[in-house]
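Accompanying notes for the structure given below.
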């Protein structure tokens, strides 16, 4: 498997985080993991993180110049929109609402399934689960974990693939696919959401000074090594770090939230223009919902989307239900405020037109709002392109996951930074290089 991106073509589209919707039986990102591993019989993963090119650098320059002719107004886009599917690489969300909230301990020690998140295969009790439910109100999903009685009762057990939520396909209740999930069970409900995660010091209660909440300092308390056969894409090791959102280039970045409340990462490429992934503003009917807001990591307000440019050939249904990848998963969005006047912005450059060897020589920087690191950016500061493709995508080795869709891949350009791709999707590549 690789991550892919879309190149800026100028802008290259990176093959990266997979959509949370899948065809077939699985309630989460299921088919991806199953298809990637079926018939492989190896522990090594071939990762393709795909990036998408932004049509051409000339188009980006045209958009940044203030010319409105190429943009579609948001009002026109909204008129054709319908209820969207969950877009790729969001924080884990249920179809009936937004992200699960944290919850304090309370309620009966045993009980019922009265929580709104009950019977979704994932334990949400606060002491052993996600914390989205009061204690004892997600009984069925938590039963095996609480009793310490994991088994292989799921119909998909012993098929060689972990089917639990979070790091597996999501087809089985937690604790009911013991054999297949044994090597990832320790990662259940472990995140790096603590503000001081990735600092090399375990700060969870009982193991450190307690300044981090329990299970929120995973990397510092358990190490950076990761099982390869999981839906998060860390290539065997999580090399992400925290960065200062007030410094360049991180201050160019922020969270774009569309009108359905779904979020991706986006980056300023002009005083009032951001770039993100096209799938972040498409719906399940292949319509575009261009409205939304951009909130920069550096703080100080937000701006509304007023117009957009996408490639009309981008097919969201194909993107979301097949393994086909192309370089069309990019979107340029105009804002109603010139945030770049205050924050600055990145340039745009193509580096893939001279082939893989030349592209791989560049050090990539990337940051996004990963599902497991809270509300601030997590970043890669030293990763590389593995292979450039002729379809406007490239494979990379940066550790991106759900929440990173639309995030930019940047390279240094003197004292500035240029965007060379945006994180798009995660696909298998049976004939690609080993990562």
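Residue numbers (our numbering): 19 to 453. Glycine included, every Cβ here is placed at the ideal spot set by N, Cα and C.
Counting along the chain, the unbroken beta strand (DSSP E) around residue 427 starts and ends at 426-431. Residue range 196-199 is occupied by the alpha helix (DSSP H) that includes residue 198. The beta-carbon distance between residue 189 and residue 158, rounded to whole angstroms, is 16 Å. This is too long to meet the 8 Å contact definition.
Bounds of the beta strand (DSSP E) holding residue 441 are 434-441.
Beta-bridge pairing by DSSP links residue 406 to 412. One alpha carbon belongs to residue 200, the other to residue 177, and they sit about 13 Å apart.
For residue 243, DSSP records a beta bridge to 255.
Bounds of the beta strand (DSSP E) holding residue 352 are 349-353. Between residue 437 and residue 366 the beta-carbon gap is near 5 Å, inside 8 Å, which marks them as a contact.
Non-local C-beta neighbours of residue 292 in its own chain, meaning closer than 7 Å and more than five positions away in sequence, comprise 274, 284, 285, 286, 312, 351 and 353, ordered along the chain. For a cut-off of 8 Å, the C-beta gap from residue 397 to residue 258 is around 6 Å, short enough to register as a contact. Comparing C-alpha distances from residue 165 to each of 440, 146 and 300 shows the shortest one belongs to 146. Judged by DSSP in its simplified three-state form, residue 230 adopts coil rather than helix or strand. Between residue 391 and the set 348, 153 and 214, the nearest pair of CA atoms involves 214. At a Cβ-Cβ threshold of 7 Å, residue 424 and residue 288 do not count as neighbours. Per DSSP, the unbroken beta strand (DSSP E) holding residue 396 starts and ends at 396-401. In terms of Cα proximity to residue 245, the closest of 203, 277, 265 and 272 is 203.
With at least 16 other beta carbons inside 10 angstroms of its own, residue 192 counts as buried. In the three-state scheme derived from DSSP, where H, G and I count as helix and E and B as strand, residue 153 is classed as coil. Take residue 132, set aside five residues on each side of it, and the residues of its chain with a beta-carbon closer than 6 Å to its own are 155, in chain order.
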